[in-house]
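Working notes for the structure below.
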Amino acid sequence: MSEGAATSTARDANAPAVGEPEASAARRPRWLLVTGLIGLALFVVFGFAVAANPEGPFTQAVDDAWRAFVGLAPDTGGETWALPMFFQHLGQIPGAVLTLLLIPIWLFVIRRWRSALFFLTAELVGNFGVSQLTKNLVDRPRPVDDLANGLFGPLVEVDHGSFPSGHAVSTGILLVAVAALFPPAKRLVWWIIGALLVVGMIWQRTLINAHWLSDALFGIIGGASATLILWWAFATLLQKDYGKPLFRRRNASPASEGAS
Numbered sequence: 001m002s003e004g005a006a007t008s009t010a011r012d013a014n015a016p017a018v019g020e021p022e023a024s025a026a027r028r029p030r031w032l033l034v035t036g037l038i039g040l041a042l043f044v045v046f047g048f049a050v051a052a053n054p055e056g057p058f059t060q061a062v063d064d065a066w067r068a069f070v071g072l073a074p075d076t077g078g079e080t081w082a083l084p085m086f087f088q089h090l091g092q093i094p095g096a097v098l099t100l101l102l103i104p105i106w107l108f109v110i111r112r113w114r115s116a117l118f119f120l121t122a123e124l125v126g127n128f129g130v131s132q133l134t135k136n137l138v139d140r141p142r143p144v145d146d147l148a149n150g151l152f153g154p155l156v157e158v159d160h161g162s163f164p165s166g167h168a169v170s171t172g173i174l175l176v177a178v179a180a181l182f183p184p185a186k187r188l189v190w191w192i193i194g195a196l197l198v199v200g201m202i203w204q205r206t207l208i209n210a211h212w213l214s215d216a217l218f219g220i221i222g223g224a225s226a227t228l229i230l231w232w233a234f235a236t237l238l239q240k241d242y243g244k245p246l247f248r249r250r251n252a253s254p255a256s257e258g259a260s
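Residues in the sequence shown are numbered from 1 upward in steps of one, following UniProt numbering.
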């Protein structure tokens with residue numbers, strides 16, 4: 001065998017087999033970790049700022065101006081039509097059923113168990129570690145009625161603690177967690193949909209006076225950042241699922257299904 005042929009054979013032996021990810025694809029993208037840590041640091045710093053002065057953090061002037069511009073008065077009905085109610089339900093029981101049950105169960109059904117574990121971990125860590133833990137530690141007051149200035153409190157029933165918005169944290173988690181289920185070439189459509197969900201959730205939480213603007217903005221940042229860090233941690237496992245379709249193909253043959 002010639003030296004050139006031996007070199008070619010060795011190169012072919014080391015090449016990835018058909019259908020296997022490239023070596024670079026098996027790495028954890030550093031930008032996920034860096035972006036997540038920066039975002040989480042911003043969330044924590046703002047949390048400390050609010051905890052130091054819960055009734056008047058440095059964003060309060062902006063928060064007040066935004067509430068005066070966006071917030072609804074009671075009995076207008078503007079909070080009960082389809083669009084704001086969609087975002088209201090997305091952060092409550094219907095949204096929890098979707099993200100904690102339906103999506104993970106479907107991922108297990110289509111044999112993407114690694115993706116299901118990531119998704120469940122992101123939801124639990126974000127909603128409890130970022131949202132509920134911070135609410136209890138910071139305990140920022142929610143907007144209240146200020147009739148002299150034409151301002152009003154929450155138009156729906158709310159729990160304690162305004163920072164962060166739990167609805168916004170859930171949306172930040174959903175934005176990143178769903179994106180992580182797709183290979184890079186197929187994420188663009190979801191990023192557009194996710195951006196609309198983010199803007200819509202910030203609008204709805206402040207429209208009904210349930211939160212200050214900064215609660216919603218930093219809620220998105222906190223949920224998304226924590227999920228970016230988890231995406232980095234799960235990255236090599238998630239990449240093993242990218243070859244499996246998110247939806248079963250009706251015309252798939254039994255042989256091809258067995259091969260998957």
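C-beta: ideal position from N, C-alpha, C; glycine also. Nothing here was measured: the structure is a model prediction, and the numbers come from that model.
Going straight from the alpha carbon of residue i to that of residue j, what length do you get?
| i | j | result |
| --- | --- | --- |
| residue 206 | residue 122 | 25 Å |
| residue 230 | residue 216 | 21 Å |
| residue 165 | residue 239 | 31 Å |
| residue 25 | residue 184 | Bear in mind that a pLDDT of 45 at residue 25, under 50, signals an unreliable position, so the number given afterwards is only what the model happens to contain. Answer to the nearest angstrom: the Cα atoms are 10 Å apart. |
| residue 228 | residue 82 | 31 Å |
| residue 191 | residue 74 | 34 Å |
| residue 223 | residue 148 | 36 Å |
| residue 117 | residue 150 | 47 Å |
| residue 36 | residue 176 | 11 Å |
| residue 108 | residue 102 | 10 Å |
| residue 62 | residue 69 | 11 Å |
| residue 50 | residue 209 | 18 Å |
| residue 94 | residue 53 | 34 Å |
| residue 34 | residue 181 | 20 Å |
| residue 44 | residue 174 | 20 Å |
| residue 265 | residue 112 | No answer is possible for residue 265: it lies beyond the span of the chain, which begins at 1 and ends at 260. |
| residue 59 | residue 98 | 33 Å |
| residue 128 | residue 137 | 12 Å |
CB-CB under 6 Å to residue i, same chain, minus the five flanking residues each way: which ones, in chain order?
| i | result |
| --- | --- |
| residue 197 | 171 |
| residue 211 | 162, 165 and 205 |
Look up residue i in the DSSP assignment and say whether it is helix, strand or coil.
| i | result |
| --- | --- |
| residue 127 | helix |
| residue 211 | coil |
| residue 137 | helix |
| residue 76 | coil |
| residue 71 | coil |
| residue 241 | coil |
| residue 101 | helix |
| residue 145 | coil |
| residue 246 | coil |
| residue 23 | Residue confidence for residue 23 is low, a pLDDT of 38 falling below 50, so the modelled location carries little weight; the figure read from the coordinates is stated next. Helix, per DSSP. |
| residue 59 | coil |
| residue 111 | coil |
| residue 205 | helix |
| residue 194 | helix |
| residue 88 | helix |
| residue 275 | Only positions 1 to 260 of the chain appear in the structure, and residue 275 is not among them; the question remains open. |
Are residue i and residue j touching if we call contact CB-CB under 9 Å?
| i | j | result |
| --- | --- | --- |
| residue 56 | residue 163 | no |
| residue 42 | residue 225 | yes |
| residue 201 | residue 168 | yes |
| residue 152 | residue 145 | yes |
| residue 161 | residue 186 | no |
| residue 114 | residue 247 | no |
| residue 67 | residue 236 | no |
| residue 87 | residue 203 | yes |
Should residue i be counted as a contact of the ligand ATP given a C-beta to heavy atom distance under 8 Å?
| i | result |
| --- | --- |
| residue 195 | In the structure on display, the ligand ATP does not appear, and there are no ligands present to speak of. |
Beta-carbon within less than 7 Å of residue i's beta-carbon, same chain only, minus the 5 sequence neighbours each way: which residues are those?
| i | result |
| --- | --- |
| residue 125 | 226 and 230 |
| residue 65 | none |
| residue 195 | none |
| residue 242 | 183 |
Using a Cβ-Cβ cut-off of 8 Å (strictly less than) and excluding sequence neighbours within five positions of residue i, which residues of its own chain qualify?
| i | result |
| --- | --- |
| residue 78 | 72, 84 and 207 |
| residue 155 | 72, 74, 79, 208, 209 and 210 |
| residue 39 | 221, 222, 224, 225 and 228 |
| residue 31 | none |
| residue 89 | 95 |
Between residue i and chain C, is there a C-beta pair that is closer than 9 Å?
| i | result |
| --- | --- |
| residue 240 | Included in the structure is just one protein chain, with no chain C present. |
Would you mind listing the alpha helix (DSSP H) stretches within the region 147 to 192 that are 4+ residues and don't spill past its ends, in chain order?
166 to 179
Alpha helix (DSSP H) runs wholly inside the region 30 to 57, at least 4 long, in chain order
30 to 52
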